[in-house]
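I have placed the structure first, in the form of structure tokens, so that the comments after it can refer back to it.
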Amino acid sequence: MKEKVLVVDVDRLGELVTRDGLLALPLEYIKKTVELYGCFVPREEAERDESGRQIIPYVILRNEKRYLLMRRTNRQGESRLHDKYSIGVGGHINPEDGRNPWQAFERGMRREIDEEVNVDISSLEYLGILNDLSTAVSRVHIGIVYIAGVVFHGFNEKDKFTGSMVEFEELEMHREKMETWSQIVMNWLK
Numbered sequence: 075m076k077e078k079v080l081v082v083d084v085d086r087l088g089e090l091v092t093r094d095g096l097l098a099l100p101l102e103y104i105k106k107t108v109e110l111y112g113c114f115v116p117r118e119e120a121e122r123d124e125s126g127r128q129i130i131p132y133v134i135l136r137n138e139k140r141y142l143l144m145r146r147t148n149r150q151g152e153s154r155l156h157d158k159y160s161i162g163v164g165g166h167i168n169p170e171d172g173r174n175p176w177q178a179f180e181r182g183m184r185r186e187i188d189e190e191v192n193v194d195i196s197s198l199e200y201l202g203i204l205n206d207l208s209t210a211v212s213r214v215h216i217g218i219v220y221i222a223g224v225v226f227h228g229f230n231e232k233d234k235f236t237g238s239m240v241e242f243e244e245l246e247m248h249r250e251k252m253e254t255w256s257q258i259v260m261n262w263l264k
């Protein structure tokens with residue numbers, strides 16, 4: 075069976091889809107939009123269709139002043155992101171994640187974290203909506219960005235990611251090799 079992913083039609087997202095960056099929109103706004111208009115479509119279609127946005131959790135992992143910096147290997151699923159650095163954990167939301175679109179988002183966010191990394195989470199704070207129109211990958215996705223206070227124990231998918239917790243200054247040294255979403259979030263972290 076083909077994978078299905080959570081999508082909201084761009085017509086339902088209003089002016090959000092024309093704005094670029096990490097947008098400080100109320101969580102209730104995006105939650106209500108996902109609840110009312112979220113649906114699941116085959117991923118293969120969603121990756122090529124700019125009339126919809128795949129809803130992706132993007133969680134920044136922080137321990138005091140250190141952030142998780144990871145590099146996506148060529149064994150990671152999205153070939154357009156191979157060898158890119160990232161400061162966000164997350165991925166696609168599937169129908170199996172919940173009974174309704176928002177519940178699927180919340181449970182899928184936790185599933186994605188658990189799949190990728192071994193962490194103890196002490197806090198989870200919503201930051202905003204990430205919209206990036208600069209690349210083909212980003213034009214079919216919208217990130218719902220959180221920052222999590224964590225104790226990092228390592229990667230669960232060691233063949234797909236490498237990396238460690240680093241100070242912000244080290245993040246800056248890798249900025250040019252980062253996926254665009256990470257670059258956008260770093261501007262907020264400064």
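So the mapping is simple: this note's numbering equals the position in the sequence shown, first residue as 1, plus 74.
Glycine included, C-beta positions come from ideal geometry on N, C-alpha and C.
Please read all numbers here as calculations on a predicted model, not as lab measurements.
Taking a 10 Å sphere around the C-beta of His-227, we find fewer than 16 other C-beta atoms and assign the residue as exposed.
Setting aside the 5 residues that flank it on each side, Asp-188 has no residue in the same chain whose C-beta is closer than 6 angstroms to its C-beta. The three-state reading of DSSP puts Ile-221 in strand, counting E and B together. Distance between Gly-162 and Val-133, taken at the CA atoms: about 5 angstroms. Distance from the Cα of Ile-218 is smallest, within the candidate group Leu-110, Tyr-200, Glu-190, Arg-146, for Tyr-200. In this chain, the beta strand (DSSP E) harbouring Ser-196 covers 191-205.
Where Val-214 is concerned, there is no enclosing alpha helix (DSSP H), because DSSP gives it neither an H nor an E. Rounded to the nearest whole angstrom, the C-alpha separation of Ser-197 and Val-224 is 7 angstroms. If you check the CB distance, Ile-216 and Leu-87 come in under 9 angstroms.
Note on geometry: alpha-carbon atoms of Ala-120 and Phe-235 lie some 24 angstroms from one another.
Between Asn-137 and Asn-192, the C-beta spacing is not below 9 angstroms.
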